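Student: Below is one structure. I have some questions about it.
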RNA sequence: GGAAGCGUGCCGGAGCGGCCGAACGGAACAGUCUUGAAAACUGUCGUCGUUAAUAGCGACCGUGGGUUCAAAUCCCACCGCUUCCUCCA
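Numbering (our numbering), first residue to last: 167 to 590.
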């Protein structure tokens, strides 16, 4: 939810943001009008209520003879208060409806426009040149016997897979390396629930336009989370957190579930786009004044991980129209996928400023001792999808895959993944 | 799954339908005392909204409804927690 004070003080800033996103600008004027209407209604209700409260007190103090008249007057008063209350409630509901539709105000510098209007911030690393026919991760996974898509599909349907042997170990190694790295950088590890209640799902903003992306269990009225961000954002819901010693940082590990309803036929090959994967997610609660610096930090952590995996990548600044409703700015890091000859998203980091925290009612005490809405940021530190880039970029002429040096300690020192010897 | 009990402020814990935003205790913060600290004493001490306002006023005692002139207190539903039994990785 946007800051109502900004709506009153600088509606033009919100309009500019709506324009950059390609959203409806007129919502802002509607919201301003609805806000004025609500304030008028709430004032009327409150003054009537004050009258009623005063009158009700008199009844208690009155003598037996005086009471009936006072109670009769009170009944009339109660009707008026009820009516005023209904008007105020309706005005507030109307205002809420409009204000919820307004997405977070984008940060200056975010490119305007849609998905294709991103700007490339940087390109890092050297794309591999193979003097042999490069295999994609599916072929590698099969020949090395580390990804079993056929059997995944057999037991759970399309977009499911088994990670096997070194494949399974590689994923755990990646997660562990990421967790180590995060822990060294002030993030507290959290293993989160992956089933949450409707109000948490709605509160984190995932039940909006992406509702059909989410698995739902009607028998229990629970949702399967598509990212631990849901639990991490809900973690401090309705709390006044202590940021006096700096930001609160969490590294949430969870399995993620996505229906991929809108992407039928897209990326059907391999494990690039699947219904179930694992992810280590960074999440920061911070004073909004420092949110942009924190955002840069999260991005730097992601880059450090990509570099540790020796992957060529680029960073893009996502265009306003391609941001989620909560994000004020988003950077994606995309790794080079040789067989696709293109960059594919491996990480994403969003600065949600106070938008998400306001909805979740997460506040902190500022230097003056007053409560203030916190800012939240999130960013991927590792996911199953990284295996695609690791396998493809580090494949060798003999069909084996070289394990990045930084990952080896998590794999018992193993240097290469080689095809298993044929069984007798 | 069966049975009982409970949900009040940072924590513990009172609360008769009007005098309750809420006793009391602890914690925290500020001050006095002290070379300093502890102890003791004094004071401050919930959140949100409205408003120019740290003035007033309004809302909030798990959540949502209801009864009443008036609800933390009565009624209903929901959610959660605890204990016991059953089951179980």
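All residues carry an ideal CB built from backbone N, CA and C; glycine is no exception. Everything numeric in this text was worked out from a predicted model, so none of it was measured.
#1: Within the region 300 to 382, note down every full beta strand (DSSP E) run reaching 3 residues or more, in order along the chain.
#2: With distance defined between alpha-carbon atoms, name the residue in 568, 341, 402, 462 nearest to residue 445.
#3: Rounded to whole angstroms, how far is the Cβ of residue 441 from the Cβ of residue 528, which I believe are closer than 8 Å?
#4: In three-state terms, what does DSSP make of residue 451?
#5: Find out if the Cβ-Cβ distance for the pair residue 169, residue 524 is shorter than 9 Å.
#6: Is it true that the region 342 to 360 meets the region 499 to 517, where meeting means three or more beta-carbon pairs spaced less than 8 Å apart?
#7: Report all residues from its chain with a CB closer than 7 Å to the CB of residue 264; omit the five preceding and five following residues, and keep chain order.
#8: Terminal residues of the continuous alpha helix (DSSP H) containing residue 208?
#9: Quickly, what does DSSP pair residue 582 with across the bridge? List them, please.
#10: For residue 414, count the other beta carbons within 10 Å of its own beta carbon; 16 or more makes it buried, fewer makes it exposed. Which is it?
#11: Are the beta-carbon atoms belonging to residue 447 and residue 544 less than 9 Å from one another?
#12: So, with DSSP's three-state summary, where would you put residue 590?
#13: By the DSSP assignment, the beta strand (DSSP E) with residue 577 in it spans what residues?
#14: Please give me, in chain order, every unbroken run of the beta strand (DSSP E) with length at least 3 that falls completely inside the region 481 to 506.
#15: Please name the residue, chosen from 456, 304, 505, 392, that lies closest to residue 412 on a Cα-to-Cα basis.
#16: Give the secondary structure of residue 534 by DSSP, where H, G and I count as helix, E and B as strand, and everything else as coil.
#17: Counting C-beta neighbours from all protein chains within 10 Å, is the total for residue 488 16 or more, i.e. buried, or is it exposed?
Tutor: Checking against the coordinates, here is how it stands:
#1: 354 to 357
#2: 341
#3: Their Cβ separation, rounded to whole angstroms, is 31 Å, which puts residue 441 and residue 528 out of contact at 8 Å.
#4: strand
#5: yes
#6: no
#7: 193, 196, 197, 200
#8: 192 to 227
#9: 568
#10: buried
#11: yes
#12: With a pLDDT of only 48 at residue 590, under the threshold of 50, the placement of this residue in the model should not be trusted; the figure read from the coordinates follows. In this structure, residue 590 counts as coil in the three-state DSSP scheme.
#13: Here residue 577 belongs to no beta strand (DSSP E), and DSSP marks it neither H nor E.
#14: 495 to 503
#15: 456
#16: coil
#17: buried
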